[in-house]
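Here the sequence shown stands for residues 242 to 604, numbered as in this note's numbering. The beta-carbon is built from N, C-alpha and C at its ideal position, and this holds for glycine as well. Computed from a predicted structure; not experimentally measured. To start, the structure under review is shown below, and the notes come after it.
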Amino acid sequence: MYPDNKNETDKVSVLKNQRPNIVIIILESFTANITGAFGGKYDVTPNLNKIAKESIMFRNFYASGDRTVKGIVAVLSGYPSLPKSAIMNYSDKIEKLPTLTDKLKNINYNTEWICGFNINFANINSYLLHNKFDKIITIDNFPNAERNSKWGVHDHIVFNKLFEECKNDKKPYFKVFMTLSSHEPFEVPMKTVIKGTDEAHRFLNSVFYTDKAIGEFINKMKTLESWNNTLIIFVADHGVRLPDNIPAYHPDRYHIPMIWTGGVIKKDTVITGYGSQTDIPTSILSQLNLKTDEYKFGKDLFNKQSESFVFYDFNNGFGFLTDTTIQVFDNNQKKNIIEENMTSEKYFGKAYMQHLMNDFISK
Numbered sequence: 242m243y244p245d246n247k248n249e250t251d252k253v254s255v256l257k258n259q260r261p262n263i264v265i266i267i268l269e270s271f272t273a274n275i276t277g278a279f280g281g282k283y284d285v286t287p288n289l290n291k292i293a294k295e296s297i298m299f300r301n302f303y304a305s306g307d308r309t310v311k312g313i314v315a316v317l318s319g320y321p322s323l324p325k326s327a328i329m330n331y332s333d334k335i336e337k338l339p340t341l342t343d344k345l346k347n348i349n350y351n352t353e354w355i356c357g358f359n360i361n362f363a364n365i366n367s368y369l370l371h372n373k374f375d376k377i378i379t380i381d382n383f384p385n386a387e388r389n390s391k392w393g394v395h396d397h398i399v400f401n402k403l404f405e406e407c408k409n410d411k412k413p414y415f416k417v418f419m420t421l422s423s424h425e426p427f428e429v430p431m432k433t434v435i436k437g438t439d440e441a442h443r444f445l446n447s448v449f450y451t452d453k454a455i456g457e458f459i460n461k462m463k464t465l466e467s468w469n470n471t472l473i474i475f476v477a478d479h480g481v482r483l484p485d486n487i488p489a490y491h492p493d494r495y496h497i498p499m500i501w502t503g504g505v506i507k508k509d510t511v512i513t514g515y516g517s518q519t520d521i522p523t524s525i526l527s528q529l530n531l532k533t534d535e536y537k538f539g540k541d542l543f544n545k546q547s548e549s550f551v552f553y554d555f556n557n558g559f560g561f562l563t564d565t566t567i568q569v570f571d572n573n574q575k576k577n578i579i580e581e582n583m584t585s586e587k588y589f590g591k592a593y594m595q596h597l598m599n600d601f602i603s604k
C-alpha cells in the first residue's frame, strides 16, 4: 500500500528488549474526548492520565471504524474498516487475514484472548479461532454469580482474571483483553461518581469505573518481577457519539486514546504523527524485529519516514486526515462534507478506499 522507501536507520526502538510480554487491552467506547491526557473535555480517567505520563502516548490516534468487530480486526490484523459492512461477517475472507498470534506463536509465545462476554455473536468466535489463540477465556469461564452485567462479567472481575493469567504464565506471552462495562446500558457495580441519570452521564460514570479497574490492574502488575519485561497497550475499539452527540462522520468521533506502557518501555514520550488501529500490528512487529510484509495497510508509527495520516470509514463514507488536511467524503452525496487544506492529498482518500474495496473483493 505504501512505497517501500523507509530506511531501517529511521526506525526508533522504544523497548528495552525484543521479546517482551505483550498485553493489548481494548477499551470499549473510550474516546479522546473523555480522556484528560488526550485533551478530553470530559476528564473521567484519572488512572489512564497517570499512566500516560510515564508511557508512550499517541496524541493523534484514530479508530478505523465505528463498531467493535471492526476495531478488533484493525487492531489484531491491521485490516481497515469497511463502509456498510465488516470483514468479520465473512468467514471465508477472515481466513485470509494476517494475525499477530501467528507471528508470535512462531517465536514461542503463549497466546490468549480474555473477555467477559459471549463471543458467539457477530462472528467474533470465528475470527478468534482463525487467530488460533492457545487459550480463550469468555463469560463461560466465570461463575454465574459473577455474570452481573447485561453483557456478561464486569471489567474489574475480568481484570483480576487477566492479572492472574499474567502472573502465572512462565513463557513470553501475548494476551488480548476486551472490556465491556462502558457499553450501554452503562450500569456498573460501583457507587455513582459522575452524577446524572441521563445517557451521557451514565456513560461517563461507566468509563470512570473501568478506569478505576485499570489503575488497580496496573498497580498489581508493577509488583511482578516480569513487569520490567512487559508491554501493555491500551487502545479503544472505536469512538462513540457520547457525551456530545458527535455526528457519525465527524473526525472527533474516531479520535481515541492509545498508550504503550510497562516496565519494558525505555522512556515516556509523546508521538504526534497521525496513526490508526491498523498501524498497531506493524508497529509491534517492527519493535520485535519481525517481518511486516503481510500488513499492507499498516505503517510503523516509530519510523520517522512513515506517512502521517489516518483513514476511517463511517456508515457510507470515509475520512482522511493528515497533519494539515481534513477530508470527509459522503458516498451518498458523492461529495466532501468536510474539506480543509486539500492540496496534494486531494485524491489519496478515494484511492485508499478503492484499493481497500478491491482487496476486500479479492479475498
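Quiz item: Cα separation between N301 and Q574?
Solution: 28 angstroms
Quiz item: Does DSSP put I473 in a helix, a strand or coil?
Solution: strand
Quiz item: What are the boundary residues of the alpha helix (DSSP H) that F415 is part of?
Solution: Premise fails: F415 lies in the beta strand (DSSP E), Y414 to M419, not in any alpha helix (DSSP H).
Self-check item: Own chain, CB closer than 8 angstroms to E425, minus 5 neighbours either side, in chain order
Solution: E440 and F444
Quiz item: Where does K463 land, buried or exposed, given buried means 16+ other C-beta within 10 angstroms?
Solution: exposed
Quiz prompt | Whole-angstrom C-beta distance between Y553 and S270, which should lie under 8 angstroms | solution = With 8 angstroms as the limit, S270 and Y553 do not qualify as a contact, their Cβ atoms being about 15 angstroms apart.
Exercise. Measure the CB-CB distance between D541 and S527 and report whether it falls below 7 angstroms.
Key: yes
Quiz prompt | For Y320, the residue or residues it bridges with in DSSP | solution = Looking at the DSSP assignment, Y320 forms no beta bridge with any residue, so it has no partner.
Quiz item: Is the beta carbon of P498 sitting closer than 7 angstroms to the one on A315?
Solution: no
Quiz item: Where does F334 sit, in a helix, a strand or coil, going by DSSP?
Solution: Strictly speaking, residue 334 in this sequence is Lys, with Phe absent from that position. In the structure shown, K334 sits in a helix (DSSP, three-state: H, G or I).
Exercise. Please report how far the alpha carbon of D366 lies from the alpha carbon of E353, in whole angstroms.
Key: In the sequence as presented, Asp is not what sits at residue 366; that position holds Asn. Between N366 and E353, the C-alpha separation is close to 13 angstroms.
Exercise. Please classify F601: does DSSP put it in a helix, a strand, or coil?
Key: helix
Practice problem: For the alpha helix (DSSP H) containing G456, list its first residue and its last residue. | Solution: E440 to M462
Quiz prompt | Status (buried if at least 16 other CB within 10 Å, exposed otherwise) for N372 | solution = buried
Practice problem: Find out if the Cβ-Cβ distance for the pair Y414, V429 is shorter than 7 angstroms. | Solution: no
Self-check item: Three-state class that DSSP yields for Y303 in the structure shown
Solution: strand
Practice problem: Just tell me which of H479, G504 and D343 has its CA closest to the CA of Y495. | Solution: H479
Quiz item: Hey, quick one: how far does the alpha helix (DSSP H) through N582 stretch, first residue to last?
Solution: Counting along the chain, N582 falls outside any alpha helix (DSSP H), and DSSP gives it neither H nor E.
Quiz item: In whole angstroms, what is the alpha-carbon distance linking N246 and G281?
Solution: Bear in mind that the predicted position of N246 carries a pLDDT of just 44, short of 50, making it too unreliable to give a figure here.
Quiz item: For W392, which of helix, strand or coil comes out of DSSP?
Solution: coil
Quiz item: Going along the chain, which residues of its own chain have a beta-carbon closer than 7 angstroms to the beta-carbon of G277, five neighbours each way excluded?
Solution: D284, T286 and N290
Exercise. Compare the beta carbon distance of F559 and F570 with 7 angstroms and say whether it is the shorter of the two.
Key: yes
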